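**Student:** Just so you know, we're using numbering that gives the first Met the number 0 here: the sequence shown kicks off at 0 and counts up by one.
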Amino acid sequence: MLNIVLHEPEIPANTGNIGRTCVATGVRLHLIRPLGFQINEKAVKRAGLDYWDKLDVSIYDDYEAFLGKNPEAVIYMATTKGRHVYTEVSYEPDCYIMFGKESAGIPEEILINHEDHAIRIPMRPEIRSLNLSNAVAIVLYEALRQNQFGQLQMEGQLHRLQWR
Numbered sequence: 000m001l002n003i004v005l006h007e008p009e010i011p012a013n014t015g016n017i018g019r020t021c022v023a024t025g026v027r028l029h030l031i032r033p034l035g036f037q038i039n040e041k042a043v044k045r046a047g048l049d050y051w052d053k054l055d056v057s058i059y060d061d062y063e064a065f066l067g068k069n070p071e072a073v074i075y076m077a078t079t080k081g082r083h084v085y086t087e088v089s090y091e092p093d094c095y096i097m098f099g100k101e102s103a104g105i106p107e108e109i110l111i112n113h114e115d116h117a118i119r120i121p122m123r124p125e126i127r128s129l130n131l132s133n134a135v136a137i138v139l140y141e142a143l144r145q146n147q148f149g150q151l152q153m154e155g156q157l158h159r160l161q162w163r
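Here it is as structure tokens:
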């Protein structure tokens, strides 16, 4: 199972959106404190709609606690400082993709130990970053694509009519 890790997320609506994306894709969400909100805040649940109770989520007191609970984790660090484009790496089916807080990203003290796994989404140089929930979706769906989308439904159906 793929894993999304949010290091000190600050905006409840982003985390709610990411939680909903994780439920829709069968991905586990890991949250590293401090959080900029309470998990039971309406903004988190509103963004996650009625899916929040279906979310596979783990919460850790800090980055060291996360590493202690996941000692064998292969972690890709999504950062604007990354040297590799997110499409240039091969995501293992059980890897972890980590994103930093909205205002500052992943601390350089963490990034420095993951140079080969620091990935970036290309964008114009004058833009600081993408919205966190958008960045998660972009990288996550590439990892899912590389793993043949796992058990996800690949075909849709119309509700009232039928495709010809």
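We put the CB at the ideal spot given by N, CA and C, even for glycine.
Given the structure is predicted, the values throughout are model-derived calculations rather than measurements.
1. Suppose you measure from the CA of P121 to the CA of L151; what does that come to, to the nearest Å?
2. For the 8 Å Cβ check, are there 3 or more pairs between the stretch 83-91 and the stretch 13-25?
3. In the DSSP assignment, find the beta strand (DSSP E) that holds F98 and state where it starts and stops.
4. Quick one: which unbroken alpha helix (DSSP H) runs of 4-plus residues sit fully inside the stretch 51-124? Chain order, please.
5. Here's the rule I'm using: 16 or more other beta-carbon atoms within 10 Å means buried, otherwise exposed. How should K80 be labelled?
6. Tell me which residue opens and which closes the beta strand (DSSP E) that R27 is part of.
7. Which partner residues of V4 appear in the DSSP bridge assignment?
8. So is F148 buried or exposed if we call it buried at 16+ other beta carbons inside 10 Å?
9. What is the residue span of the alpha helix (DSSP H) that S132 lies within?
10. Please state whether DSSP places R19 in a helix, a strand or coil.
**Tutor:** Reading from the atomic positions:
1. In the sequence shown, the residue the question calls residue 121 occupies position 122. In the sequence shown, the residue the question calls residue 151 occupies position 152. Near 27 Å, if we compare the C-alpha coordinates of L151 and P121.
2. When Cβ pairs closer than 8 Å are counted between the two stretches, the stretch 83-91 is seen not to touch the stretch 13-25, the count staying below three.
3. Translated into positions along the sequence shown, residue 98 becomes position 99. Run containing F98: Y95 to F98, per the beta strand (DSSP E) assignment.
4. Counting only runs of 4 or more, we get 62-68 and 107-110.
5. Walking along the sequence shown from the start, residue 80 turns up at place 81. Only exposed fits K80, as fewer than 16 other CB atoms lie within 10 angstroms of its CB.
6. Mapped onto the sequence shown, residue 27 falls at position 28. Residues R27 to I31.
7. As a first step, residue 4 is located in the sequence shown; it is residue number 5 there, counting from the start. Answer by DSSP bridge pairing, in chain order: H29 and M97.
8. Along the sequence shown, one-based indexing puts residue 148 at 149. Taking all protein chains shown into account, F148 has fewer than 16 neighbouring C-beta atoms within 10 Å of its C-beta and is therefore exposed.
9. Within the sequence shown, the letter at position 133 stands for residue 132. From DSSP, the alpha helix (DSSP H) with S132 extends over L131 to Q145.
10. Stepping through the sequence shown from its first residue, residue 19 is reached at position 20. Helix, per DSSP.
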